[in-house]
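In the working numbering, the protein residues as written are 1210 to 1406.
(1) Is it buried or exposed for residue 1294, if we count other Cβ within 10 angstroms and need 16 for buried?
(2) Using C-beta distances below 8 Å, list every residue in its chain close to residue 1242, excluding the 5 sequence neighbours before and after it, in chain order.
(3) I'd like to know whether the C-beta atoms of residue 1402 and residue 1245 end up nearer to each other than 9 Å.
(4) Run the CB neighbour count on residue 1383, radius 10 Å, all protein chains shown included, and call it buried at 16 or more, exposed below.
(5) Which word fits residue 1322, buried or exposed, when buried means at least 16 other C-beta atoms lie within 10 angstroms of its C-beta?
(6) Report the start-end ranges of each beta strand (DSSP E) in the segment 1313-1378 that is 3 residues or longer and not cut off at the edges.
(7) Is it right to say residue 1381 is buried, meaning 16 or more other beta carbons lie within 10 angstroms of its own, or is it exposed?
(8) Cβ atoms of residue 1286 and residue 1277: under 9 Å apart, would you say?
(9) Enumerate, from N- to C-terminal direction, the unbroken alpha helix (DSSP H) stretches of 4 or more residues contained entirely within the segment 1276-1310.
(10) Pick helix, strand or coil for residue 1391, following the three-state DSSP scheme.
(11) Taking just the CA atoms, how far does residue 1270 sit from residue 1407?
(12) To the nearest angstrom, how far is the alpha carbon of residue 1394 from that of residue 1268?
(13) Take residue 1390 and list the residues in its own chain whose beta-carbon comes closer than 7 Å to its own, dropping the five residues that flank it on each side.
(14) To the nearest whole angstrom, what separates the beta carbons of residue 1339 and residue 1358, a pair I think is in contact under 8 Å?
(15) What did DSSP end up calling residue 1271 once you bin it into helix, strand or coil?
(16) If I measure Cβ to Cβ from residue 1230 and keep anything under 6 Å in the same chain, skipping five residues before and after, which residues do I get?
(17) Out of 1376, 1387, 1305, which has the shortest C-alpha to C-alpha gap to residue 1317?
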């Protein structure tokens, strides 16, 4: 178990240093540990890829720059970031909700100026810190592979299919992590799921 944790930590660390290339290394073990079916994982990936172009088409026409990040889990789309107007935010929600197979849209964007690179870097570090703590503080309740994490403006968004105990543990770890102002759990609760790892 220890060597498995160290391997995953190593991959997470390397991925933060050199970008997305290591994602192919971790893709197979992550896919096996995922509580979504393989079909849903493929659909989520298609939704993720399809979402970028229409959002950029909306935001590129604005004078004020926008910044956004997207995560898709079990056909639910979460978008965070900053947009210039409420109208732009509504257009984004509308275009995402019309994408094929999308079940729910959580538009958590704020109407404000786009975050500077310093804040974006800080958010990346916060995400890495929470992921690392999930591995190091594993108490056989929540498995790190079952929790998706995204940080924007020091706010942590948590997704995954978890039971109540797993959700509570993940929220507590996120809340007690350095630099976190708020934790927004967007979990799908399923009391029948159990940790088999």
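The C-beta atom is built at its ideal place from N, Cα and C for all residues, glycine as well. Computed from a prediction, not measured in an experiment: that's the story for all the values here.
For this structure:
(1) By one-based count along the chain shown, residue 1294 stands at place 85. So residue 1294 ends up on the exposed side.
(2) Indexing the chain shown from 1 puts residue 1242 at position 33. The answer, listed in chain order, is 1352, 1354, 1355, 1406.
(3) Counting from 1 along the chain shown, the entry for residue 1402 is found at position 193. Counting from 1 along the chain shown, the entry for residue 1245 is found at position 36. No; because the gap between Cβ atoms is not below 9 Å, this pair is not in contact.
(4) Looking up residue 1383 in the chain shown gives position 174. When all chains shown are included, residue 1383 counts as buried.
(5) Position 113 of the chain shown, counted from the first residue, corresponds to residue 1322. Sixteen is the threshold: since fewer than 16 other Cβ atoms of the shown chains lie within 10 Å of the Cβ of residue 1322, the residue is exposed.
(6) Counting only runs of 3+ residues, the beta strand (DSSP E) found wholly inside the segment 1313-1378 occupies 1313-1320, 1357-1361, 1364-1368, in chain order.
(7) For the purposes of this step, residue 1381 is identified with residue 172 of the chain shown, where counting begins at 1. Per the 10 Å Cβ criterion, exposed.
(8) As a first step, residue 1277 must be located in the chain shown, where it is residue number 68. As a first step, residue 1286 must be located in the chain shown, where it is residue number 77. Against a cut-off of 9 Å, the Cβ pair of residue 1286 and residue 1277 comes out as no contact.
(9) Fully enclosed alpha helix (DSSP H) runs of 4 or longer: 1295-1306.
(10) On the chain shown, residue 1391 is found 182 positions in, with the first residue counted as 1. Strand.
(11) The chain is shown from 1210 up to 1406; residue 1407 falls before or after that span and cannot be answered.
(12) Indexing the chain shown from 1 puts residue 1394 at position 185. Indexing the chain shown from 1 puts residue 1268 at position 59. The straight-line gap from Cα to Cα measures roughly 27 Å.
(13) The residue labelled residue 1390 in the question sits at position 181 within the chain shown. Cβ neighbours of residue 1390 within its own chain (closer than 7 Å, five residues either side excluded): 1363, 1364.
(14) Residue 1339 sits at position 130 when you count from the first residue of the chain shown. Residue 1358 sits at position 149 when you count from the first residue of the chain shown. Rounded, the Cβ-Cβ distance is 5 Å, consistent with contact.
(15) Stepping through the chain shown from its first residue, residue 1271 is reached at position 62. Note: residue 1271 maps to coil in three-state DSSP.
(16) As a first step, residue 1230 is located in the chain shown; it is residue number 21 there, counting from the start. Model confidence at residue 1230 stands at a pLDDT of 45, short of 50, so the residue's coordinates are unreliable; what they give is reported in the following sentence. Result list for residue 1230: empty, nothing under 6 Å.
(17) On the chain shown, position 108 is the one that residue 1317 refers to. For residue 1317, the nearest C-alpha among the options comes from 1305.
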